[in-house]
Each structure stands twice: as structure tokens, then as C-alpha cells.
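Data first, discussion second: the structure below is written as C-alpha cells.
In this note's numbering, the protein residues as written are 312 to 537.
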């Protein structure tokens with residue numbers, strides 16, 4: 312399975328049976344827009360963790376061009392369904408078997424509103440199970456004890472965690488989160504996009520290393536295989 316970092320909290324996950332795009336915020340991200348062309352993205356599914364603009368900006372355009380199915384909480388799914396986009400609504404604790412594998416929608420502590428201020432449901436994250444691998448995509452979240460529930464049923468191969476602080480967990484809380492979910496292989500995201508979430512990348516990598524963990528910080532457009 313190939314995972315490509317598209318900047319901020321945007322990911323492209325290419326599995327054997329589907330291409331899955333996560334929280335596409337590319338055209339409005341100066342650091343990504345010159346490297347990633349959204350017209351080149353043809354996902355089968357788009358996962359949306361919450362309704363903030365820096366996670367949904369390119370959802371409508373990409374979904375309409377590609378025919379992708381938007382998977383999110385009920386409120387966000389309904390929002391896109393009214394625009395003629397195919398959707399699959401979910402809510403916390405629920406899971407569904409898709410053609411590519413299984414998705415579970417899990418708890419996140421954050422807020423969720425559309426750019427116009429309208430209600431965007433409750434934020435969440437996803438556990439993606441496909442090709443014998445399990446990935447936790449945390450979304451924007453604070454550290455939460457609910458993360459300890461994940462390893463009770465799922466052995467993770469990768470945890471995708473926000474590390475930029477201010478709006479989400481920072482480095483130290485993300486290290487604790489990796490303990491909670493019992494995964495030492497971490498892909499960091501939601502950092503360096505703008506001033507509030509700029510971090511020292513070398514320090515972040517070193518802090519994870521001190522605890523015996525591997526933090527991957529990919530260049531925009533860079534990929535990893537799990």
C-alpha cells in the first residue's frame with residue numbers, strides 16, 4: 312500500500328482495490344498547490360474527518376470530476392449529497408465493509424463547522440483496514456483516552472497523527488497517543504502549513520526516536536510503503 316503526503320492533512324492512499332483521498336486541502340495551500348495538481352487526482356473514495364476549510368476545500372471539485380464517494384459523518388455526507396455527490400454517511404463507533412476493506416469512524420476531540428459557520432457534525436478519525444494492514448488516521452484531535460480503545464480490537468501498522476500543536480496535539484501528546492494506540496510507526500501531519508503550526512522537524516523526529524518510535528515526515532508529494 313502506497314501513502315503519499317499531499318500537504319497539511321491531505322493524503323492519497325493507493326490500495327490494490329481503491330484509491331483513497333483524505334481531507335483534500337491542496338489548491339489553497341501555497342506549499343502544496345505548486346507541487347500537486349488536483350486535476351490529476353482520481354480517487355475512488357474521499358475520507359473527510361471534519362468540516363473545516365483546511366480539510367474540505369477541494370472535496371467538491373475532486374469528487375465531481377472523479378465520481379468519488381465521500382465518506383464522512385452524517386452531516387458532512389448530507390452536505391455533499393445535496394450537491395449531487397455520492398456519499399456514504401457514518402458515525403462514531405460504526406464500521407462498514409467497502410470493496411477495498413473496512414473503515415471504522417472513531418472519536419476525535421476538535422470542532423467541526425463549514426466555512427460559512429454551519430454545523431459540520433462531530434469530528435472523527437478513521438481506522439482503515441485493507442490488504443492485511445491497519446492504519447489509524449486520527450484527523451484533527453487532542454490527546455484522548457478513547458485512543459486506548461483502538462488496540463483492544465485492532466493491531467495498527469501505522470498511526471497518522473497531527474503534530475503541529477495549537478489546534479491539535481503537539482509532539483509530546485502525539486508520542487503519548489502512539490503509546491495509547493500501541494503503534495511505534497507514525498506518520499506526522501497537520502504541521503508547518505502556516506505559522507501557528509510550524510515545528511522544528513529535526514526535534515520532532517528526535518523526540519519520537521528517544522522513545523523507540525519512528526516518525527515519518529514526508530515531503531509534499533513524497534510517499535511511503537507499508
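Glycine residues also receive a C-beta, built at the ideal position from the N, C-alpha and C atoms.
Compute the beta-carbon to beta-carbon distance between residue i and residue j, rounded to the nearest angstrom, for a pair I have assumed lies under 8 Å.
| i | j | result |
| --- | --- | --- |
| residue 469 | residue 516 | The Cβ separation is near 16 Å, so there is no contact. |
| residue 380 | residue 397 | 5 Å |
| residue 585 | residue 358 | With the chain covering 312 to 537 only, the question about residue 585 has no answer from this structure. |
Just the C-alpha distance for residue i and residue j, rounded to the nearest angstrom, thanks.
| i | j | result |
| --- | --- | --- |
| residue 340 | residue 508 | 14 Å |
| residue 420 | residue 385 | 17 Å |
| residue 370 | residue 335 | 6 Å |
| residue 525 | residue 481 | 16 Å |
Is the CB-CB distance between residue i and residue j below 8 Å?
| i | j | result |
| --- | --- | --- |
| residue 333 | residue 347 | no |
| residue 345 | residue 504 | no |
| residue 465 | residue 445 | yes |
| residue 528 | residue 506 | no |
Below 6 Å CB to CB, which residues in the same chain sit around residue i once its five sequence neighbours on both sides are set aside?
| i | result |
| --- | --- |
| residue 418 | 403 and 457 |
| residue 501 | 320, 473, 475 and 479 |
| residue 494 | 467 and 470 |
| residue 415 | 406 and 438 |
| residue 425 | 362 and 431 |
| residue 401 | 416 |
According to DSSP, is residue i helix, strand or coil?
| i | result |
| --- | --- |
| residue 462 | helix |
| residue 507 | helix |
| residue 393 | coil |
| residue 493 | coil |
| residue 487 | helix |
| residue 374 | helix |
Which residues in the same chain have their Cβ closer than 7 Å to the Cβ of residue i, if we skip the five residues on either side of it in sequence?
| i | result |
| --- | --- |
| residue 518 | 482 and 486 |
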